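*Asks:* Letter 311 of the sequence shown, counting from 1, is numbered 311 in this note's numbering, and no numbers are missing.
A virtual CB, placed ideally from N, CA and C, is assigned to each residue, including glycine.
None of the values given here were measured: they were computed from a predicted structure.
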Amino acid sequence: MMVMVHFSAGRGVDKTASVITNVADGAISSTSSDAINGSQLYTTNKYIADALGGDAEVNADGSITAPSYTIANAEYNNVGDALDALDDNALLWDATANDGAGAYNASHDGKASIITNVADGNIGEGSTDAINGSQLFNTNMLIQQNSEIINQLAGNTSETYIEDNGAGINYVRTNDNGLAFNDASASGIGATAVGYNAVASGESSVAIGQGSSSTVDTGIALGSSSVSSRVIVKGSRDTSVSEEGVVIGYDTTDGELLGALSIGDDGKYRQIINVADGSEAHDAVTVRQLQNAIGAVATTPTNTSTPTQRKKIHWQ
Numbered sequence: 001m002m003v004m005v006h007f008s009a010g011r012g013v014d015k016t017a018s019v020i021t022n023v024a025d026g027a028i029s030s031t032s033s034d035a036i037n038g039s040q041l042y043t044t045n046k047y048i049a050d051a052l053g054g055d056a057e058v059n060a061d062g063s064i065t066a067p068s069y070t071i072a073n074a075e076y077n078n079v080g081d082a083l084d085a086l087d088d089n090a091l092l093w094d095a096t097a098n099d100g101a102g103a104y105n106a107s108h109d110g111k112a113s114i115i116t117n118v119a120d121g122n123i124g125e126g127s128t129d130a131i132n133g134s135q136l137f138n139t140n141m142l143i144q145q146n147s148e149i150i151n152q153l154a155g156n157t158s159e160t161y162i163e164d165n166g167a168g169i170n171y172v173r174t175n176d177n178g179l180a181f182n183d184a185s186a187s188g189i190g191a192t193a194v195g196y197n198a199v200a201s202g203e204s205s206v207a208i209g210q211g212s213s214s215t216v217d218t219g220i221a222l223g224s225s226s227v228s229s230r231v232i233v234k235g236s237r238d239t240s241v242s243e244e245g246v247v248i249g250y251d252t253t254d255g256e257l258l259g260a261l262s263i264g265d266d267g268k269y270r271q272i273i274n275v276a277d278g279s280e281a282h283d284a285v286t287v288r289q290l291q292n293a294i295g296a297v298a299t300t301p302t303n304t305s306t307p308t309q310r311k312k313i314h315w316q
């Protein structure tokens with residue numbers, strides 16, 4: 001039979017409380033009835049303070065200084081309030097979102113909220129990183145620049161371009177007449193190709209017209225099926241006069257030579273009509289000017305009584 005003994009540490013008639021010292025560590029368990037000493041209680045309180053964090057500490061009297069948690073620039077001194085604030089400010093997991101696959105929800109009190117201080121996410125195939133506003137801004141700027149370039153192309157047929165620039169687009173038309181789709185190609189640096197299957201592969205070359213081709217640097221192929229492929233070489237030849245006629249010389253050493261302008265191809269020719277008479281050294285000469293020049297070419301023999309004899313003109 002267990003006998004219960006009541007012990008009082010009070011002393012004297014007034015039962016003044018007194019300290020019991022030299023108490024050994026009591027057993028700490030769910031069934032222990034041992035007395036617990038001060039060091040054991042301090043250790044327990046220290047565990048609690050460390051677990052709370054937030055600068056919580058055990059005071060000299062064994063009490064615990066309340067922790068301090070800062071959430072969304074507000075300070076909280078107990079775990080409950082801090083957790084409530086965390087619920088109000090953190091991304092919450094919504095298991096029912098995303099067709100039951102779950103997703104984080106940034107709304108609070110039923111209102112959408114902004115997520116700030118997001119670092120640049122990885123932009124690449126397979127990336128699942130969040131993208132921030134500055135990254136999206138850069139992308140939008142690139143799209144805007146590309147849109148401006150596209151709208152400047154003569155072949156742009158978008159409704160917006162026609163509305164904004166209708167006066168210009170009215171004068172640019174192409175018709176493939178049922179031909180299979182085939183892009184123009186301007187592979188040369190600074191080259192321009194306009195027309196079905198037009199090719200400008202020379203640097204700074206131009207090919208305008210269906211099937212036109214400019215393969216030499218700065219060459220120009222103007223008109224359908226025209227080909228500019230001749231490289232002009234610097235050189236010179238003097239004009240000479242002989243019994244056989246006049247040989248017209250040339251000089252291509254007095255300036256920078258650009259690619260030739262072609263308005264046709266071998267066996268495919270065009271006339272250049274309505275050309276004004278040339279007046280400068282490098283102007284084109286008309287048939288009228290040439291006829292006048294031929295008519296003026298003559299030699300006068302020693303006997304002035306004989307008729308003037310005309311000579312043939314040869315182009316070298």
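Quick check on this structure: which residue in Ala97, Gly100 and Ser68 has the alpha carbon closest to the alpha carbon of Ala85?
*Replies:* Ser68
*Asks:* Determine which residues share a DSSP beta bridge with Gly245 and list them.
*Replies:* Ser242
*Asks:* Put Asn105 into one of helix, strand or coil per three-state DSSP.
*Replies:* strand
*Asks:* Is Tyr47 helix, strand or coil when you go by DSSP?
*Replies:* helix
*Asks:* Could you give the C-beta distance for Ala191 and Ser204, rounded to a whole number, given that I count them as a contact under 8 Å?
*Replies:* 6 Å
*Asks:* Name the one or two DSSP bridge partners that Gln92 has.
*Replies:* Note on residue identity: the sequence assigns Leu, not Gln, to residue 92. Partner(s): Asn105.
*Asks:* Does DSSP put Ser236 in a helix, a strand or coil?
*Replies:* The three-state secondary structure of Ser236, taken from DSSP, is strand.
*Asks:* Taking 8 Å as the limit between beta carbons, can you name the residues of its chain near Gly166, skipping five residues before and five after?
*Replies:* Confidence at Gly166 is low in this model, with a pLDDT of 49, below 50, so the placement of that residue should be treated as unreliable; the coordinate-derived value is given next. There are no such residues.
*Asks:* Quick check: what's the CA-CA separation for Gly209 versus Gln135?
*Replies:* 42 Å
*Asks:* Glu75 bridges to which residues according to DSSP?
*Replies:* Per DSSP, Thr70.
*Asks:* Among Lys15, Ala35, Ala200 and Asn45, which one has its Cα closest to the Cα of Thr21?
*Replies:* Checking every option, the nearest Cα to that of Thr21 belongs to Ala35.
*Asks:* Would you mind reading off the limits of the beta strand (DSSP E) that contains Leu193?
*Replies:* Note that residue 193 is Ala in the sequence shown, not Leu. Segment Thr192 to Val194, the beta strand (DSSP E) holding Ala193.
*Asks:* Measure the C-alpha to C-alpha separation of Thr239 and Gly267 and round it to an integer number of angstroms.
*Replies:* 29 Å
*Asks:* Relative to the C-alpha of Trp93, which residue among Asp55, Ala103 and Glu280 is closest?
*Replies:* Ala103
*Asks:* Taking 7 Å as the cut-off, does the CB of Asp129 come closer than this to any heavy atom belonging to the ligand ADP?
*Replies:* This structure lacks the ligand ADP, and indeed carries no ligand of any kind.
*Asks:* Report the CB separation of Gly235 from Thr252 in whole angstroms; it is logged as a contact under 8 Å.
*Replies:* 6 Å
*Asks:* Measure the C-alpha to C-alpha separation of Val227 and Ile263 and round it to an integer number of angstroms.
*Replies:* 7 Å
*Asks:* Using only CA atoms, which one of Ala74, Leu41 and Tyr47 lies nearest to Asp61?
*Replies:* Leu41
*Asks:* Report the residue from Thr16, Thr43, Asp81 and Val79 whose alpha carbon sits nearest the alpha carbon of Ser63.
*Replies:* Thr43
*Asks:* Would you please state the rounded distance, in angstroms, between the beta carbons of Ile220 and Leu261? I believe it to be under 8 Å.
*Replies:* 4 Å
*Asks:* Need the endpoints of the beta strand (DSSP E) that Val206 sits in, please.
*Replies:* Its beta strand (DSSP E) spans residues Val206 to Ile208.
*Asks:* Is DSSP giving Thr16 helix, strand or coil here?
*Replies:* Residue state, collapsed to three classes: strand.
*Asks:* Counting along the chain, where does the alpha helix (DSSP H) carrying Ala293 start and finish?
*Replies:* Val287 to Ala296
*Asks:* Pick helix, strand or coil for Ile64, following the three-state DSSP scheme.
*Replies:* strand
*Asks:* Could you tell me which residues DSSP puts in a beta bridge with Ser213?
*Replies:* Ser213 is bridged to Val199 and Val227.
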